[in-house]
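In terms of the UniProt record's numbering, the sequence shown opens at residue 1 and continues consecutively. Here a beta-carbon is modelled for each residue, glycine too, at the ideal position from N, C-alpha and C.
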Amino acid sequence: MMASLATEYYQFLLAQGVCSAIGLSFLYSPAISTIATWFHKKRGLAMGVMVTGSSLGGVVFPIMINRLIENPSTGYPWAMRISAFLILALQIVAIFTLRTRTAPAPKKTQAVTLAAPFKEFPFVMMLLGMFILMYGIFIPVNFLALQGLEQAHVSESMSLYLVAIFNGASLFGRLGSGYWSDIAGRWNVFIIAGAASGIIELALWIPATYEAATIGFAVAFGFLSGAFVSLLAALPATVSPLPEIGYRIGVVMLILSLPALTMAPIGGSILQSASSVDDGWLHVKIFGGVMSLAGSAVVFYAKTLYTKKFWAVF
């Protein structure tokens, strides 16, 4: 809502970069950890169903906001206000339908308890793998529209639709990965989808220098990368004691906020350091693909530490 009144850069930064981020963290982490406690056998599918909401929002919001901004009767201020009212209405529904499995039991928290996840080597390896994989998965998410404009020469309207197409494909990926994770193992599906995302980045995004290829990449990568969001909380929930699931998922989100903060500057720096536009995008695409593959490899190593086997349904 305050972003609708912003006219200076620092005002946008405070409204969207600080206030909205704090608010969303208070909403997302409790919701996703609460859902995880209700399910065991079908936890992957449950998480997949839950996060399809963000995919649907990712389809609707870019198109809706663009149309509202272009409409002379609404413009940017009312586009932000309408978005805020819509989000508020949806939050009210979530607040009244979300239930905890057990009543909160306040207890004194000790530093030893808070530090416990960081003393478990397999858990730390999982965090490291997710940290690396975060760069590989979200580099295309952040730069796909810009790459479409600069390198694939798509129209401005199509660049916005690329985001919607990506999120639409991600919806099916999140549902599918959630379903199969309960059969083949949540860690296994997460690792396979992460590695496949890296291969897709190297095999399809690098040659995507025209509109049709870029759209094809958006569909393929959106579908595969959906597993990252779908199973992100399911992995720590699988290896955490029930009372600590919420805290440990929060630890994961805290660690992943660092690549979320730095990936855009890093990607932009890679682009600007190249001698040409095509070279810059080539380097960004290679960076994303390699990080996806490396992150998946580290998560796979963490899985072997838990299972003591090279391959197991886990």
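Just checking my contact of residue i with residue j at CB under 8 Å: how many whole Å lie between their CB atoms?
{"i": "M47", "j": "A36", "result": "7 Å"}
{"i": "L98", "j": "T34", "result": "6 Å"}
{"i": "A79", "j": "I65", "result": "5 Å"}
{"i": "E150", "j": "V277", "result": "6 Å"}
{"i": "R81", "j": "M1", "result": "6 Å"}
{"i": "I270", "j": "H283", "result": "5 Å"}
{"i": "S55", "j": "N167", "result": "5 Å"}
{"i": "F138", "j": "M50", "result": "At roughly 20 Å, the Cβ-Cβ gap does not stay under 8 Å, so F138 and M50 are not in contact."}
{"i": "F314", "j": "G185", "result": "5 Å"}
{"i": "L171", "j": "A145", "result": "About 18 Å; that fails the 8 Å criterion."}
{"i": "V141", "j": "E211", "result": "Wrong, their Cβ atoms sit about 19 Å apart, outside the cutoff."}
{"i": "L128", "j": "V298", "result": "5 Å"}
{"i": "L306", "j": "V239", "result": "Note that residue 306 is Tyr in the sequence shown, not Leu. Y306 to V239, Cβ: 6 Å. Contact."}
Indicate whether residue i and residue j have their beta-carbon atoms separated by less than 8 Å.
{"i": "G194", "j": "G295", "result": "yes"}
{"i": "F217", "j": "A169", "result": "no"}
{"i": "I63", "j": "A164", "result": "yes"}
{"i": "A235", "j": "F300", "result": "For the sequence presented, residue 235 should be read as Leu rather than Ala. For L235 and F300, no; Cβs fall outside 8 Å."}
{"i": "L45", "j": "G226", "result": "no"}
{"i": "T52", "j": "L175", "result": "yes"}
{"i": "G268", "j": "G136", "result": "no"}
{"i": "P77", "j": "S4", "result": "yes"}
{"i": "G292", "j": "L231", "result": "Looking at the sequence itself, residue 292 is Ser, so the reference to Gly does not match. Against a cut-off of 8 Å, the Cβ pair of L231 and S292 comes out as no contact."}
{"i": "A152", "j": "T209", "result": "yes"}
{"i": "F131", "j": "P241", "result": "no"}
{"i": "A274", "j": "R43", "result": "no"}
{"i": "K285", "j": "I206", "result": "yes"}
Margin query: If we require 4 or more residues per run, which alpha helix (DSSP H) segments fall completely within the segment 164 to 242?
Written below: 186 to 200, 211 to 231 and 234 to 238
Note to self: Between the segment 154 to 162 and the segment 248 to 265, can you find at least three pairs of beta-carbon atoms closer than 8 Å?
What the structure shows: no
Notebook entry, point to check: Between the segment 200 to 208 and the segment 252 to 272, are three or more C-beta pairs nearer than 8 Å?
Noted result: Counting Cβ pairs under 8 Å, fewer than three are found: no touch.
Note to self: If contact is defined by three or more beta carbon pairs under 8 Å, each pair taking one atom from either stretch, is the segment 23 to 30 in contact with the segment 113 to 129?
What the structure shows: no
Next item on the list: Tell me the start and end of each unbroken alpha helix (DSSP H) in the segment 113 to 150 that is at least 4 residues and wholly inside, in chain order.
Entry: 121 to 150
Next item on the list: Could you name each continuous alpha helix (DSSP H) segment of 4 residues or more that falls completely within the segment 238 to 277, going from the start of the chain to the end?
Entry: 245 to 273, all fully within the segment 238 to 277.
Item checked: alpha helix (DSSP H) segments (min. 4 residues) lying fully within the segment 22 to 105 -> Correct list: 43 to 70 and 75 to 97.
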